[in-house]
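Quick note on my numbering: the sequence shown kicks off at 872 and runs consecutively.
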Amino acid sequence: MSRTPDEWIGKTDDTPIPQRVRLRVFNRAGGRCHICGRKIAAGEYWECDHVIALCNDGENREDNLSPACCNCCRPKTARDVSEKSKVNKKRLKHLGIRPRHRRPMPGSRESGIRKRMDGTVERWD
Ligand SMILES: [Zn+2]
872 MSRTPDEWIG KTDDTPIPQR VRLRVFNRAG GRCHICGRKI AAGEYWECDH
922 VIALCNDGEN REDNLSPACC NCCRPKTARD VSEKSKVNKK RLKHLGIRPR
972 HRRPMPGSRE SGIRKRMDGT VERWD
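Next comes the structure, spelled out in structure tokens:
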């Protein structure tokens with residue numbers, strides 16, 4: 872009698888993927904890299920890649936894992952990170968949160984200094 876094993880779900884995003892789960896992920900994908908579709912050779916280095924990266928709200932669970940060969944897992948990680956910073960930037964812009972200029976124009980709103988009509992200078996924030 873065979874039973875289907877329960878799907879593995881990491882307790883936290885940092886929970887390492889157990890060996891048996893790596894094996895299941897590998898077998899489910901037919902031993903192919905999910906990015907380039909190339910067959911991963913025996914003994915070749917490969918990673919359990921999160922299809923939706925954890926930093927992009929992907930989950931640390933078996934469903935979200937696929938094998939990626941060593942050629943693919945690195946560029947994808949870089950892409951995931953840049954995607955995240957792009958999304959973040961848009962979000963910040965949308966919410967009107969802007970970084971302060973490092974060298975604000977003197978006398979501008981961002982300089983933090985205000986000169987009154989009578990000539991007195993005061994700080995404000
Ligand atoms: Zn690949």
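A virtual CB, placed ideally from N, CA and C, is assigned to each residue, including glycine.
Between the CA atoms of residue j and residue i - distance to the nearest angstrom
i, j, result
"THR1054", "HIS972", "No statement about residue 1054 is possible, as the shown extent of the chain runs from 872 to 996 and does not include it."
"PRO977", "ARG969", "18 Å"
"ARG980", "VAL958", "27 Å"
"ARG950", "PRO975", "33 Å"
"ASN927", "THR948", "11 Å"
"ILE984", "THR991", "10 Å"
"CYS943", "SER982", "46 Å"
"CYS919", "LYS986", "59 Å"
First and last residue of the uninterrupted beta strand (DSSP E) at residue i
i, result
"CYS919", "917-921"
"GLU954", "It is not in any beta strand (DSSP E) - GLU954 instead sits in the alpha helix (DSSP H) that spans 941-965."
"ARG994", "992-994"
Residue i classed as buried or exposed, judged by whether at least 16 other C-beta atoms fall within 10 angstroms
i, result
"HIS921", "buried"
"PRO938", "buried"
"CYS941", "exposed"
"CYS907", "exposed"
"GLU993", "exposed"
"TRP995", "exposed"
Coil, strand or helix - residue i by DSSP
i, result
"LYS882", "coil"
"ALA912", "coil"
"ARG903", "strand"
"LEU936", "strand"
"GLU981", "helix"
Residue i CB to nearest heavy atom of ligand 2 below 7 Å
i, result
"HIS921", "This structure lacks ligand 2; its bound ligands are ligand 1."
Practice task
Can you list the residues near ligand 1, meaning Cβ strictly closer than 6 Å to any non-hydrogen atom, in the order they appear in the chain?
Solution key: CYS904, ILE906, CYS907, ARG909, ALA939, CYS940, ASN942, CYS943
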